[in-house]
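Numbering-wise (the numbering used here), the sequence shown opens with residue 15 and increments by one. From the three backbone atoms N, C-alpha and C, an ideal C-beta is built for every residue, glycine too. Given the structure is predicted, the values throughout are model-derived calculations rather than measurements. One structure is given here, and the rest of the page talks about it.
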Amino acid sequence: MSVTTLTPTHPDELNELFGQTGFIRFEEGPGGLPVACLKNGHAETMVSIYGGHVLSYLPDGEEPVLWVSEKAQYETGKAIRGGIPIIWPWFGASKRYPKNPSHGFARKLTWDVHSARLIDNTVPQLHLDLQDNDITHSLWPHSFRLELVITLSDKLDIELRAINLCKNPFDYTAALHSYFNVSDIKHVSVLGLERRSYLDQLDNMERKIQEGPITFTSETDNIFYDTRDTCRLIDTGFGREIVIEKHGSTSTVVWNPWIDKSKRMSDFGDEEYHNMVCIETANAGPDVITLNPGGHYELCTSISTKPL
Ligand code: TA6
15 MSVTTLTPTH
25 PDELNELFGQ
35 TGFIRFEEGP
45 GGLPVACLKN
55 GHAETMVSIY
65 GGHVLSYLPD
75 GEEPVLWVSE
85 KAQYETGKAI
95 RGGIPIIWPW
105 FGASKRYPKN
115 PSHGFARKLT
125 WDVHSARLID
135 NTVPQLHLDL
145 QDNDITHSLW
155 PHSFRLELVI
165 TLSDKLDIEL
175 RAINLCKNPF
185 DYTAALHSYF
195 NVSDIKHVSV
205 LGLERRSYLD
215 QLDNMERKIQ
225 EGPITFTSET
235 DNIFYDTRDT
245 CRLIDTGFGR
255 EIVIEKHGST
265 STVVWNPWID
275 KSKRMSDFGD
285 EEYHNMVCIE
295 TANAGPDVIT
305 LNPGGHYELC
315 TSISTKPL
């Protein structure tokens, strides 16, 4: 069952329609997938039209902020390991449709380019859409539109707007599943979730409380809920902190697969867990969003860096 997109996917046609000389350019990316490259005086970012997937964020003169596995697969029908996968309309396994793929379908479909523009002649902004189609209907019986707006200023801003086009309400969970690049997992800590409650996905979703800063000595897979807090990823090896602000999100998921799970994933190098950590801006676990007919809801994350 194939679905064609509303807009072209060849870079030449996309540049003709949406290119912004010097700021937004469409190219053939990894695996031949069409990507949009956004750049300004501070940084550059690459976005795969397939999956609506931010692949990189590189502030000038810095180590990459996002991590992508060297074993990532860039094939339609597969999720790209790294960057910022769009998790929608369910986080993890679907309770209602348990046979459906984990983490929903949005990251495994080609999105449409809605528009590309330059704000104040310096800030490139890309807007992608995903509309319900035969494939989504076979997995989830609702009409919707997702609008993904990516803005590159001195921060990387990502807004995922969900719109209910049905005659009935629907529930969903979601995440901007950000993989961050770190010098070494032993040299990092996460601030901002102290004293927050979380569900431990490795301990039968046991409810626990985070005492101090999060550090990593084994597989970690925690859904913090009822938190609107900004997180800070402190990396003493790179001498920087990554600041993860958020809006429209009451969950933050923190994940490192560590040794055994890394080995079980074919698109994840056995030793790559040393150099990544996921801090995901989400609405997951008990934080379910209900959209009424015609309603919309925005999940937003804003990523920036600061020297330590
Ligand atoms: O966000 C953490 C998590 O739910 C982990 O349990 C792990 O499964 C990760 O997502 C990656 O999931 P994926 O389906 O992309 O392999």
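Please classify residue i: is it buried, with 16 or more other beta-carbons within 10 angstroms of its beta-carbon, or exposed?
i, result
"residue 107", "exposed"
"residue 308", "exposed"
"residue 260", "buried"
"residue 256", "buried"
"residue 111", "exposed"
"residue 26", "exposed"
"residue 122", "buried"
"residue 84", "exposed"
"residue 183", "exposed"
"residue 15", "Caution is warranted here: a pLDDT of 46 is assigned to residue 15, below 50, making its placement in the model unreliable, and the coordinate value is therefore given only provisionally. Classification for residue 15: exposed."
"residue 234", "buried"
"residue 55", "exposed"
At a cut-off of 7 Å, would you count residue i as near the ligand PLP, judging by its Cβ distance to the nearest heavy atom?
i, result
"residue 154", "Absence of the ligand PLP is noted for the structure shown, with the ligand TA6 being the only ligands found."
With respect to 7 Å, is the separation between the Cβ of residue i and the closest non-hydrogen atom of the ligand TA6 below this value?
i, result
"residue 139", "no"
"residue 188", "no"
"residue 116", "yes"
"residue 106", "yes"
"residue 235", "yes"
"residue 215", "yes"
"residue 163", "no"
"residue 93", "yes"
"residue 30", "no"
"residue 5", "Nothing about residue 5 can be read from this structure; the chain reaches only from 15 to 322."
"residue 191", "yes"
"residue 208", "no"
Can residue i and residue j be called in contact, C-beta distance under 8 Å?
i, j, result
"residue 52", "residue 32", "no"
"residue 289", "residue 204", "no"
"residue 312", "residue 174", "yes"
"residue 250", "residue 79", "no"
"residue 146", "residue 158", "yes"
"residue 125", "residue 153", "no"
"residue 301", "residue 276", "no"
"residue 283", "residue 246", "no"
"residue 105", "residue 50", "no"
Between the options, which has its C-alpha nearest residue i's C-alpha?
i, options, result
"residue 279", "190, 93, 102 and 216", "93"
"residue 170", "70, 134 and 142", "70"
"residue 231", "209, 254 and 271", "271"
"residue 120", "67, 314, 28 and 237", "67"
"residue 208", "130, 242 and 111", "242"
"residue 294", "314, 304 and 141", "314"
"residue 267", "116, 48 and 292", "292"
"residue 237", "181, 296, 40 and 47", "296"
"residue 210", "226, 202, 220 and 91", "226"
"residue 198", "287, 223, 269 and 215", "287"
Can you give the beta carbon distance from residue i to residue j, rounded, assuming they're within the 8 Å contact cut?
i, j, result
"residue 96", "residue 86", "6 Å"
"residue 132", "residue 59", "About 15 Å; that fails the 8 Å criterion."
"residue 118", "residue 88", "Incorrect: roughly 19 Å between the Cβ atoms, too far for contact."
"residue 141", "residue 128", "4 Å"
"residue 299", "residue 179", "Their Cβ separation, rounded to whole angstroms, is 26 Å, which puts residue 299 and residue 179 out of contact at 8 Å."
"residue 202", "residue 273", "The Cβ separation is near 17 Å, so there is no contact."
"residue 185", "residue 90", "At roughly 28 Å, the Cβ-Cβ gap does not stay under 8 Å, so residue 185 and residue 90 are not in contact."
Quick check on residue i - is its C-beta less than 8 Å from some C-beta in chain B?
i, result
"residue 32", "In the structure shown, chain B cannot be found, because there is only a single protein chain."
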